[in-house]
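Position one of the sequence shown corresponds to residue 840 (this note's numbering), numbered consecutively onward.
Beta carbons: idealized from backbone N, C-alpha and C, even for Gly.
Below you'll find the structure, written out as structure tokens, and then a few comments.
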Amino acid sequence: MSDATIHSLPIICTAHGLSVVTANSDQTSGHGILPHDAPFTAQVALSFDASNAVALLALNPTIQIDFYIKPLQAGSTIDVGNIALVTNSQERLYTLQLDIASPAELNLDKSKVYRLGALVRIGAPENPALLCGVVEELMIQLYTSEKLSQASKKAQKNTSKKHFKTKK
840 MSDATIHSLP IICTAHGLSV VTANSDQTSG HGILPHDAPF TAQVALSFDA
890 SNAVALLALN PTIQIDFYIK PLQAGSTIDV GNIALVTNSQ ERLYTLQLDI
940 ASPAELNLDK SKVYRLGALV RIGAPENPAL LCGVVEELMI QLYTSEKLSQ
990 ASKKAQKNTS KKHFKTKK
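The following block contains the structure:
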């Protein structure tokens, strides 16, 4: 009996970016400037290379994404939740979303800059993943809506004063 070598197909899954949607915006943002007191939704889109992914997707693997936030300064990583879905052989593009509590409820400090990350695992749940990767390109900065509206009012007041000044 002779030995045989078995090859696997390369399977490519691309993460099309990590973004956030704020409760008062309904539009995705890759900028990550969030109000400190409002919940937000994190989302990541994944696409599979159509030619070779057919073999994997026919097995209906689970996509699991664990979202986390970590400060760029000293501090601990905060797990903010996970989401999972079972793929099907007909779809190649998946967008997974997770509703997240407000930064205030997560005890995030407004003076720090954070990075939102997503650990992506594709395979059988609670087993080693067939595909695994990390997406961490989104930086998060926080603001207090009260301070922003006060600054906006002050800027408007200064602008209107300039328009009505007369020269003597």
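Just verifying my parser: in three-state terms, what is the DSSP assignment at residue i?
i	result
Asn-892	The sequence given here places Ala at residue 892; Asn does not occur at that position. Helix, per DSSP.
Ser-984	helix
Lys-909	strand
Gly-962	strand
Pro-874	strand
Ala-990	Residue confidence is low: Ala-990 scores 49 on pLDDT, short of 50, so the model does not pin down where it sits. Its coordinate-derived value is still stated next. Here Ala-990 sits in helix by DSSP.
Gln-929	coil
Glu-944	coil
Ala-921	In the sequence under discussion, the amino acid at residue 921 is Asn, which differs from the Ala named in the question. Strand at Asn-921.
Val-860	strand
Leu-969	coil
Leu-937	strand
Ala-812	Because the chain is modelled from 840 through 1007, residue 812 falls outside the range shown and cannot be assessed.
Ile-902	strand
For residue i, count the other beta carbons within 10 Å of its own beta carbon; 16 or more makes it buried, fewer makes it exposed. Which is it?
i	result
Thr-983	exposed
Ala-892	buried
Leu-898	exposed
Pro-942	buried
Ser-988	Residue confidence is low: Ser-988 scores 49 on pLDDT, short of 50, so the model does not pin down where it sits. No coordinate-derived value is stated.
Ser-858	buried
Val-973	exposed
Val-852	Correcting the residue identity first, residue 852 is Cys in this sequence and not Val. Burial call: buried.
Leu-981	buried
Leu-911	exposed
Return the residue from the list the options that minimises the CA-CA distance to residue i.
i	options	result
Ala-894	Leu-848, Ile-904, Glu-930	Leu-848
Leu-932	Phe-887, Ala-963, Ala-957	Phe-887
Lys-909	Leu-924, Lys-951, Ala-943	Lys-951
Gln-929	Gly-956, Gln-936, Pro-900, Ile-922	Pro-900
Gly-962	Glu-976, Asp-918, Val-925	Val-925
Lys-949	Ile-851, Gly-871, Cys-971	Gly-871
Ser-890	Ala-923, Ile-917, Ile-850, Ser-915	Ile-850
Leu-937	Cys-971, Glu-976, Leu-955	Leu-955
What is the rounded straight-line gap between the Cα of residue i and the Cα of residue j?
i	j	result
His-875	Gln-903	27 Å
Val-883	Ile-845	33 Å
Ile-979	Tyr-953	5 Å
His-855	Leu-945	26 Å
Thr-861	Thr-880	6 Å
Ser-841	Ala-913	57 Å
Ser-991	Ala-957	Caution is warranted here: a pLDDT of 46 is assigned to Ser-991, below 50, making its placement in the model unreliable, and no coordinate value can be reported.
Gly-920	Arg-960	14 Å
Ala-877	Ala-940	7 Å
Pro-967	Ala-843	25 Å
Ser-915	Glu-965	25 Å
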